[in-house]
DNA sequence: ATCTATAGTGAAAATCATTTTCAATAACGG
DNA sequence: CCGTTATTGAAAATGATTTTCACTATAGAT
Ligand SMILES: [Mn+2]
Ligand SMILES: [Mn+2]
Ligand SMILES: [Zn+2]
Ligand SMILES: [Zn+2]
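Residue numbers (the numbering used here), protein chains in the order written: chain S, 396 to 538; chain Z, 396 to 538.
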């Protein structure tokens, strides 16, 4: 799974005439090693201990590249920070966001997905992607 | 309809011990007069001709108040600008966003709304609100 | 292995939307 | 009309992100 994403990114790099650098490898490792919805700052801070020389701007640039290459998806959950998550080929999910603790969980629902396509079609819209986020209190935060 | 919103805002102002100012009235008029999903800048620029003395910060502050009072809803459609739309009591809709021309259209779908509640419930989530946006090309932009 | 052209990097500066500060002004109950 | 308190506009501050730039590293060619 992670290997597949590495391959995809290497291919992307090669085809774009970009270069494979030590920093990109390190950031990719760190990104693939988490299953959270990481913000740029979070990833930067986590990286900093083991790799103090990697700059903030490089993390920004690299995460953007991940998104461009298709191995990452960019998000805005309303806390002012851009977050990134893994994209797995052929998989799609949406999110539940806790307004209490900020926890982000995932769900899939085929019926809703289908209906979204129908809604778009019925409006003559050629849908590219969608965003569906349910905000509320997670079980823990309700107590 | 617009009158109702004015009343709601007046009530909000009164209950909060805030003051009814000329600027707030003007901005409210302008906001209620449009049916678009206006960004703060758009509203500010539109206002500027007739009311050159109203400051940017006041527009910001006032739109936030509208949202707080319940007559407006705040949005982020990914273009980096916060947008506001009218909120009509008891009404809810979601959005289709054209990635070509930026046009924003609206739709409602009760079945999807219900399913969202079910999804949240099945995850032990106490849902507060949701965000569902379908991004793609509008009919005009497909040509 | 060395050279060369070009992409990438880190640090600092620049952007851009938004928020805050502050001195001056306006609203409103008495 | 007064005094108190909220509001305003302009400018400065903020915070996330992006750009700039001098220097470095990569990768293909020699
Ligand atoms: Mn996710
Ligand atoms: Mn709308
Ligand atoms: Zn929570
Ligand atoms: Zn369009």
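In this text, a Cβ means the ideal position worked out from N, Cα and C, and glycines have one as well.
Within 7 Å, strictly: CB atoms of residue i and residue j
{"i": "residue 529 of chain S", "j": "residue 432 of chain Z", "result": "no"}
{"i": "residue 408 of chain S", "j": "residue 457 of chain S", "result": "no"}
{"i": "residue 467 of chain Z", "j": "residue 482 of chain Z", "result": "yes"}
{"i": "residue 521 of chain S", "j": "residue 511 of chain Z", "result": "no"}
{"i": "residue 523 of chain Z", "j": "residue 531 of chain S", "result": "yes"}
{"i": "residue 488 of chain S", "j": "residue 503 of chain S", "result": "yes"}
{"i": "residue 449 of chain S", "j": "residue 442 of chain S", "result": "yes"}
Residue nearest to residue i in terms of C-alpha spacing, selected from the options
{"i": "residue 535 of chain Z", "options": "Z:499, Z:507, Z:522, Z:527", "result": "Z:499"}
{"i": "residue 470 of chain S", "options": "S:504, S:479, S:425", "result": "S:479"}
{"i": "residue 463 of chain Z", "options": "Z:410, Z:519, Z:509, Z:508", "result": "Z:410"}
{"i": "residue 506 of chain Z", "options": "S:503, S:502, S:514", "result": "S:514"}
{"i": "residue 544 of chain Z", "options": "Z:477, Z:452, Z:504, Z:501", "result": "Limits of chain Z in this structure are 396 at one end and 538 at the other, which puts residue 544 of chain Z out of reach."}
{"i": "residue 473 of chain Z", "options": "Z:497, Z:488, Z:450, Z:487", "result": "Z:497"}
{"i": "residue 460 of chain S", "options": "S:509, S:415, S:441", "result": "S:415"}
Beta-carbon neighbours of residue i, restricted to chain S and to distances below 7 Å
{"i": "residue 502 of chain Z", "result": "514, 518"}
Neighbouring residues, chain S, relative to residue i (Cβ below 8 Å)
{"i": "residue 609 of chain Z", "result": "Absent from the structure is residue 609 of chain Z, since the part of chain Z shown begins at 396 and ends at 538."}
{"i": "residue 511 of chain Z", "result": "507, 527, 529"}
Within chain Z, the residues that residue i reaches when beta carbons sit closer than 9 Å
{"i": "residue 534 of chain S", "result": "518, 519, 520, 521"}
Coarse secondary structure for residue i, derived from DSSP in three states
{"i": "residue 486 of chain Z", "result": "coil"}
{"i": "residue 491 of chain S", "result": "strand"}
{"i": "residue 409 of chain S", "result": "helix"}
Near ligand 5: residue i beta-carbon under 6 Å from a heavy atom
{"i": "residue 410 of chain Z", "result": "In the structure shown, ligand 5 is absent; the only ligands present are ligand 1, ligand 2, ligand 3 and ligand 4."}
Taking a cut of 8 Å between CB atoms, which residues from the region 484-495 of chain Z lie near chain S?
-> 491, 493, 494
Taking only beta carbons into account, state which residues of the region 460-475 of chain Z come closer than 8 Å to chain S, listed in chain order.
-> Only 471, 473 from the region 460-475 of chain Z bring a Cβ to less than 8 Å from some Cβ of chain S.
Interface residues of the region 411-423 of chain S facing chain Z [CB-CB below 7 Å] | none
Could you please tell me which residues of the region 425-450 of chain S, in chain order, have their CB closer than 7 Å to any CB of chain Z?
-> none
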